[in-house]
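Peer 1: One structure follows; several queries about it will come next.
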Amino acid sequence: MKNGILVLFFVCLKTMSGFSQEVTHVTLEEVLQQVETNYPSILQYQENIKSWQAKAEASTAWMPPTFSTGFMQFPYDLAMLKEKNDPMNQAAVNFSVEQMIVNPGKLNAKKAYFNSLSEIEKSNSEWTKNKLRKEAKVLYYTRYVNEKKKTILSESEEILEILLKTAEARFSNNQSKLQTIYKGKARLAELNNMQYMLSGTIAESNIGLNILMVRDVMAPFQIDSVVKIKKYDLNPVNSSTISKRSDIAAIAKSIESMNLEQKIMKTGKKPDFGIRAEHMQMFGMPNQWSLMGMITIPIVPWSSKMYTSEAKAIDFKVQSMEFEKRNMQLMAQRMIAEKQIMLQYEYGQYENYKSKIVPAFENNLQANLLAYRQNTGDFFILLDAWEMVLMKKMEMYDKLFTILNLEAEYEYENETK
89 MKNGILVLFF
99 VCLKTMSGFS
109 QEVTHVTLEE
119 VLQQVETNYP
129 SILQYQENIK
139 SWQAKAEAST
149 AWMPPTFSTG
159 FMQFPYDLAM
169 LKEKNDPMNQ
179 AAVNFSVEQM
189 IVNPGKLNAK
199 KAYFNSLSEI
209 EKSNSEWTKN
219 KLRKEAKVLY
229 YTRYVNEKKK
239 TILSESEEIL
249 EILLKTAEAR
259 FSNNQSKLQT
269 IYKGKARLAE
279 LNNMQYMLSG
289 TIAESNIGLN
299 ILMVRDVMAP
309 FQIDSVVKIK
319 KYDLNPVNSS
329 TISKRSDIAA
339 IAKSIESMNL
349 EQKIMKTGKK
359 PDFGIRAEHM
369 QMFGMPNQWS
379 LMGMITIPIV
389 PWSSKMYTSE
399 AKAIDFKVQS
409 MEFEKRNMQL
419 MAQRMIAEKQ
429 IMLQYEYGQY
439 ENYKSKIVPA
449 FENNLQANLL
459 AYRQNTGDFF
469 ILLDAWEMVL
479 MKKMEMYDKL
489 FTILNLEAEY
499 EYENETK
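At position 305 of the sequence shown (counting the first as 1) the number is 393 in the numbering used here, and the numbers step up by one without a gap.
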């Protein structure tokens, strides 16, 4: 009975261990979603946006009222305070309340300016997402292509081991050359090194993806077994679409924000208002009160010069940013056009590898293998045919990675989500 319980206990532990080591499957879309949701720089932008929105809400608030109190016209001879009807007894305790009323035009201008700063942060956040998407795609494609290469290496290794066993058997009958066998064994060892190299690249990609998804850096996961080429067509570069790109939109919004800041400077010429109410509790005379209105006069020369100079400085800055925006648009047009052209040529090369080059070398290998089985072929030539098939398949996947990487860059330049 005890032995049965122990067996059941160990079975349960083994089952739980199997569940704990279960490897999740993560698609590219899930990677991109987690990056946009969890990455700290994106969350930082969100908090900055909330900060500017809060400032915009607070910008229309009035300053708090000022309350003051104090003694007025108290004599040094305090005995005079007892003289109720003495006209010289003007001592009093003063209570006053003052409220400044900022010009509504100034408040509205500040609110619009702070709202524009939050819009700039939104555009910068979207462009940061675009950068992270590109980085995640490249890492994902790197792992995908290298896993495919590892599969090819494993298949080639199995074929080479069979060929070596056959060659060694024939060597005992003087039907194979020793130096060719040694060359085959050297190539087999090189395949092991290539497997190590690819495994290292895959591990590096895993770490990068886990960091972008804000997970444990060593967390294992599986990826898609098939990643399809999108095959973008060669289309004219749309300048209006480029203008909507987040980084260029951020420059446009910055220009708008500078204009709003200039408007704030110009509203400095508008007057502010205030009101002051006082009550004087007199000691020897009837109580008194006063009510005063206040207005600022910002049109004096020493004040208006500051507003005018600041407005001119912003004009120059706006012109500079307009040139910067135009430069960014031209660079984006160039990069998109270059990526389109490069993709068309890469698509053709990859298709040529896939439909002609690799099948031709595979047929060559099959022909040499058949000749070797019929004792009319040479193992050296057979080994060379095997090596060419492996090399061309690896080149084909290198070309595939080039295409996937170019498509990621093209989507980055177009800000394709």
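All C-beta atoms, glycine included, are put in the ideal place defined by N, C-alpha and C. This one's a predicted model, so the numbers in the text were calculated from it and none came from an experiment.
For Tyr320, which residues of its own chain have a beta-carbon under 8 Å away from its beta-carbon, when the five flanking residues on both sides are left out?
Peer 2: Within the sequence shown, numbered from 1, the residue matching residue 320 stands at position 232. Around Tyr320: Gln428, Leu431, Glu495 and Tyr498.
Peer 1: Going by DSSP, what residues sit across from Leu379 in a beta bridge?
Peer 2: By 1-based counting over the sequence shown, the position of residue 379 is 291. Note: Leu379 sits in a beta bridge opposite Ala365.
Peer 1: What does the Cβ neighbour count give for Thr268, buried or exposed, with the cut at 16 atoms within 10 Å?
Peer 2: Taking the first residue of the sequence shown as position 1, residue 268 is located at position 180. When all chains shown are included, Thr268 counts as buried.
Peer 1: Can you give me the Cβ contacts of Leu116 inside the same chain, cut-off strictly under 6 Å, excluding the 5 residues immediately before and after it?
Peer 2: Stepping through the sequence shown from its first residue, residue 116 is reached at position 28. Here the set comprises Tyr228.
Peer 1: Mind the definition here: the stretch 409-418 touches the stretch 330-349 only if three or more C-beta pairs lie below 8 Å; say whether that holds.
Peer 2: Cβ pair count under 8 Å is three or more, so yes.
Peer 1: According to the neighbour-count rule (16 or more other Cβ atoms, all chains shown, within 10 Å of its Cβ), is Asn218 buried or exposed?
Peer 2: Mapped onto the sequence shown, residue 218 falls at position 130. Flag for Asn218 reads buried.
Peer 1: Need the endpoints of the beta strand (DSSP E) that Ala180 sits in, please.
Peer 2: The sequence position of residue 180 within the sequence shown is 92, counting from 1. Unbroken beta strand (DSSP E) run through Ala180: Ala180 to Ile189.
Peer 1: Just verifying my parser: in three-state terms, what is the DSSP assignment at Thr154?
Peer 2: Here residue 154 refers to the residue found at position 66 of the sequence shown. Three-state result, Thr154: strand.
Peer 1: Output needed for Asn182: all residues of its chain with C-beta closer than 7 Å, excluding positions within five of it in sequence on either side, in chain order.
Peer 2: The count along the sequence shown starts at 1 and reaches residue 182 at position 94. Answer for Asn182: Thr157, Gly158, Met160, Glu366 and Met368, listed in chain order.
Peer 1: To which residues does DSSP link Gln310 through a beta bridge?
Peer 2: Along the sequence shown, one-based indexing puts residue 310 at 222. His113, per the DSSP bridge assignment.
Peer 1: Do you know offhand how far Phe449's Cα is from Asn456's?
Peer 2: For this step, residue 449 is matched to residue 361 along the sequence shown. For this step, residue 456 is matched to residue 368 along the sequence shown. Whole-angstrom Cα-Cα distance: 10 Å.
Peer 1: Sorted by chain position, which residues of the same chain lie with C-beta nearer than 7 Å to Leu453's C-beta, five sequence neighbours on each side aside?
Peer 2: Along the sequence shown, one-based indexing puts residue 453 at 365. Correct list, in chain order: Ala473, Trp474 and Val477.
Peer 1: Under 8 Å, with one C-beta from each stretch per pair, do the stretch 401-413 and the stretch 296-303 reach the 3-pair mark?
Peer 2: Taking 8 Å as the limit for Cβ pairs, the verdict is that the stretch 296-303 does not touch the stretch 401-413.
Peer 1: Between the alpha carbons of Thr216 and Leu131, how many angstroms are there, rounded?
Peer 2: Translated into the one-based positions of the sequence shown, residue 216 becomes position 128. Translated into the one-based positions of the sequence shown, residue 131 becomes position 43. Their Cα atoms are separated by approximately 11 Å.
Peer 1: Establish whether the CB of Thr125 and some CB of chain C are separated by less than 8 Å.
Peer 2: Of the protein chains in the structure, only one exists, and it is not chain C.
Peer 1: Run through the stretch 327-366 for me and flag every whole alpha helix (DSSP H) of 4 or more residues, listed as ranges in chain order.
Peer 2: For the stretch 327-366, whole alpha helix (DSSP H) runs of length 4 or above, ordered along the chain, are 327-331 and 334-355.
Peer 1: Straight-line CA distance for Ala399 to Glu223?
Peer 2: The residue you call residue 399 lines up with position 311 of the sequence shown. The residue you call residue 223 lines up with position 135 of the sequence shown. Their backbone Cα atoms lie some 41 Å apart in a straight line.
Peer 1: Using only the alpha-carbon positions, how far apart do Met492 and Val226 sit?
Peer 2: As a first step, residue 492 must be located in the sequence shown, where it is residue number 404. As a first step, residue 226 must be located in the sequence shown, where it is residue number 138. In the sequence as displayed, the identity of residue 492 is Leu instead of Met. Spanning the two alpha carbons is a distance of roughly 8 Å.
Peer 1: At what residues does the alpha helix (DSSP H) containing Gln141 begin and finish?
Peer 2: Start at 1 with the first residue of the sequence shown, and residue 141 comes out as number 53. Taken as a continuous stretch (DSSP letters only), the alpha helix (DSSP H) holding Gln141 covers Pro128 to Ala146.
Peer 1: For Phe162, which three-state DSSP category applies?
Peer 2: For the purposes of this step, residue 162 is taken as the residue at position 74 of the sequence shown. Phe162: coil per DSSP, three-state reduction.
Peer 1: If you draw a straight line from the C-alpha of Tyr460 to the C-alpha of Ile247, how long is it?
Peer 2: For this step, residue 460 is matched to residue 372 along the sequence shown. For this step, residue 247 is matched to residue 159 along the sequence shown. Taking the straight line from one Cα to the other gives about 14 Å.
Peer 1: Count the CB pairs spanning the stretch 179-196 and the stretch 115-129 that are closer than 8 Å, and state whether there are at least three.
Peer 2: Too few Cβ pairs lie closer than 8 Å, so no.
Peer 1: Grouping DSSP H, G and I as helix and E and B as strand, with all else coil, what is Met479?
Peer 2: Here residue 479 corresponds to residue number 391 of the sequence shown, with the count starting at 1. Note: Met479 maps to helix in three-state DSSP.
Peer 1: Would you tell me roughly how many angstroms separate the C-alpha atoms of Asn440 and Glu426, rounded to the nearest one?
Peer 2: What you label residue 440 is simply residue 352 of the sequence shown in a count that begins at 1. What you label residue 426 is simply residue 338 of the sequence shown in a count that begins at 1. The alpha-carbon atoms of Asn440 and Glu426 are separated by roughly 22 Å.
Peer 1: Identify the residues that DSSP records as bridge partners of Met370: which are they?
Peer 2: Against the sequence shown, residue 370 aligns to sequence position 282. Answer is Ala180, bridged to Met370.
Peer 1: For my contact list, Gly193 and Lys358 are in at a C-beta cut-off of 8 Å; report their separation, rounded to the angstrom.
Peer 2: Within the sequence shown, the letter at position 105 stands for residue 193. Within the sequence shown, the letter at position 270 stands for residue 358. Indeed they touch by this definition, with Cβ atoms about 5 Å apart.
Peer 1: Which of the three DSSP states, helix, strand or coil, is assigned to Arg303?
Peer 2: In the sequence shown, counting from the first residue as 1, residue 303 sits at position 215. The answer is coil: DSSP assigns Arg303 none of H, G, I, E or B.
Peer 1: So, under 8 Å CB-CB, Leu276 and Glu245 are touching, yes? Tell me the CB distance rounded to an integer number of Å.
Peer 2: Here residue 276 refers to the residue found at position 188 when the sequence shown is read from its first residue. Here residue 245 refers to the residue found at position 157 when the sequence shown is read from its first residue. Sure, about 7 Å apart at Cβ, within 8 Å.
Peer 1: Under a three-way DSSP split, which group does Lys222 fall into?
Peer 2: One-based indexing of the sequence shown puts residue 222 at position 134. Reduced to three states, the DSSP call for Lys222 is helix.
Peer 1: Can you tell which of Gly296, Pro447 and Asp466 has the C-alpha that lies nearest to the C-alpha of Lys480?
Peer 2: Position 392 of the sequence shown, counted from the first residue, corresponds to residue 480. Out of Gly296, Pro447 and Asp466, Pro447 has the C-alpha closest to the C-alpha of Lys480.
Peer 1: I'd like to know whether the C-beta atoms of Glu207 and Ser334 end up nearer to each other than 8 Å.
Peer 2: Your numbering for residue 207 matches position 119 in the sequence shown. Your numbering for residue 334 matches position 246 in the sequence shown. Contact: no.
Peer 1: I think Met508 touches Met409, with their Cβ atoms under 8 Å apart; what is that distance to the nearest whole Å?
Peer 2: For residue 508 there is no data in the structure shown, the boundaries of the chain being 89 and 505.
Peer 1: Given a cut-off of 8 Å, decide if Gln310 and Val111 are closer than it, judged by their beta-carbon atoms.
Peer 2: Counting from 1 along the sequence shown, the entry for residue 111 is found at position 23. Counting from 1 along the sequence shown, the entry for residue 310 is found at position 222. Yes, they are a contact pair.
Peer 1: In whole angstroms, what is the alpha-carbon distance linking Gln109 and Glu412?
Peer 2: Position 21 of the sequence shown, counting from 1, holds the residue named residue 109. Position 324 of the sequence shown, counting from 1, holds the residue named residue 412. Residue confidence is low: Gln109 scores 49 on pLDDT, short of 50, so the model does not pin down where it sits. No coordinate-derived value is stated.
Peer 1: How long is the line joining the alpha carbons of Val190 and Thr384, rounded to whole angstroms?
Peer 2: As a first step, residue 190 must be located in the sequence shown, where it is residue number 102. As a first step, residue 384 must be located in the sequence shown, where it is residue number 296. Roughly 10 Å between the two C-alpha positions.
Peer 1: To the nearest angstrom, how far is the alpha carbon of Ser293 from that of Lys238?
Peer 2: Locating residue 293 in the sequence shown gives position 205, counting from the first residue. Locating residue 238 in the sequence shown gives position 150, counting from the first residue. Cα to Cα, Ser293 sits roughly 15 Å from Lys238.
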